[in-house]
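Note sheet for the following structure.
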Amino acid sequence: MQNDWPKKRARRGKVISVEEFCKKYELQPEEAHRLYKISGPSEYDLDLLMAAKGIVPTKSEGPTL
Numbered sequence: 025m026q027n028d029w030p031k032k033r034a035r036r037g038k039v040i041s042v043e044e045f046c047k048k049y050e051l052q053p054e055e056a057h058r059l060y061k062i063s064g065p066s067e068y069d070l071d072l073l074m075a076a077k078g079i080v081p082t083k084s085e086g087p088t089l
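Encoded structure:
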């Protein structure tokens with residue numbers, strides 16, 4: 025699969041690193057890199073991709089109420 029997310033596509037949301045993505049979803053580094061390459065650095069797009077795969081974040085974001 026050769027996607028390398030289109031460079032001309034506008035980024036939506038916060039840009040996160042592969043390491044942040046890996047921690048957020050507790051992914052193996054190889055899998056995180058593969059998905060990051062497909063989706064790009066947008067946290068919003070990565071979250072959409074993971075939601076489509078039925079995977080929820082394991083790292084809590086923000087304060088708990």
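Numbering-wise, the numbering used here comes out as the position in the sequence shown, counting from 1, plus 24. In this text, a Cβ means the ideal position worked out from N, Cα and C, and glycines have one as well. Given the structure is predicted, the values throughout are model-derived calculations rather than measurements.
- DSSP puts S66 in a beta bridge; with which residues? In the DSSP output, where bridge partners are listed per residue, S66 has V39.
- Query: If you run the structure through DSSP and keep just helix, strand and coil, what is K77?
  - Reply: Three-state DSSP puts K77 in coil, outside helix and strand.
- Query: Roughly how many angstroms separate the alpha carbons of T12 and Q52, rounded to a whole number?
  - Reply: The question about residue 12 has no answer, for the chain in this structure spans 25 to 89.
- Backbone CA spacing between E43 and G78 [nearest angstrom]: One C-alpha to the other measures close to 21 Å.
- Message: Helix, strand or coil for E54? Go by DSSP, reduced to three states.
- Response: The three-state secondary structure of E54, taken from DSSP, is helix.
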